[in-house]
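What follows is a short report on a single structure.
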Amino acid sequence: MVFQPQLKILISHDEIAKAVNRLAREIGTDYEDKQPLLIGVLKGSFVFMADLIRQLDLPLELEF
């Protein structure tokens, strides 16, 4: 028998999506005429960075 831990959702998918969208709007406003460099720590940031970049409508550079 495989151990199945009981997991509890602390932050919903919708709440995370709204926070990422809000952050993307702030970055878009603050760096409207610039090209920001986004740096993500590869262990754990890949999905977040992908979600954030999808929301951004400005030229940027990305490094891990």
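Numbering follows numbering that gives the first Met the number 0, in which position 14 of the sequence shown is assigned residue number 13; successive positions increment by one, without gaps.
Don't be surprised by glycine CBs; every beta carbon is placed ideally from N, CA and C.
The model shown is predicted, which means the values in this text are computed figures rather than measured ones.
Output the distance between the C-alpha atoms of Val40 and Phe63, rounded to the nearest integer angstrom.
6 Å
Using DSSP bridges, identify the partner residues of Leu38.
Rather than Leu, the amino acid found at residue 38 in this sequence is Ile. The partner list for Ile38 (beta bridge, DSSP) reads Glu62.
Met0 in three-state terms, based on DSSP
coil
In this structure, does DSSP put Ser44 in helix, strand or coil?
helix
Take the Cβ of Leu6 as the centre, count every other Cβ of all protein chains shown within 10 Å, and call the residue buried at 16 or more, exposed below.
exposed
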